[in-house]
Amino acid sequence: MQVEIGALVHKDCGPDVLEAMRETEGVAVAMIETGRSNDLFSDRQFGEYGEAAIITIIADEAYKGAVFDRLFEACNLFDQSKGLIYMTEPVVRTSL
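Written as structure tokens, this is what we have:
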């Protein structure tokens, strides 16, 4: 089974996350999108809005803790405390 691990963090974290996930065991897919937020960050590049990285990782359930911790480190949330990370219950595969 696999889990989804996601994050809403500052846009500058994106490249660091991709590099970290490339070398992390148990990661099946890592995707990054960008968006705008008016409540996550104090720096705002677009008037009332600042850019955010929307990160989605699909990881093997056996490695979910290690992947979650590595994502936390790659986003530098120990020092910055800007953003959030979440993890879902295992993703169920079905076919019709």
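In short: position in the sequence shown from 1, add 1, done, that's my numbering. The beta-carbon is built from N, C-alpha and C at its ideal position, and this holds for glycine as well.
A check of alpha carbon separations from Y87 across I58, I33, R23 and D17 identifies I58 as the nearest. A distance below 8 Å separates the beta carbons of A8 and I56.
Annotation: V18 to G27 spans about 15 Å, alpha carbon to alpha carbon.
Rounded to whole angstroms, the separation of the alpha carbons of N77 and R23 is 17 Å.
For D61, there is no enclosing alpha helix (DSSP H); the enclosing beta strand (DSSP E) has its first and last residue at G51 to D61.
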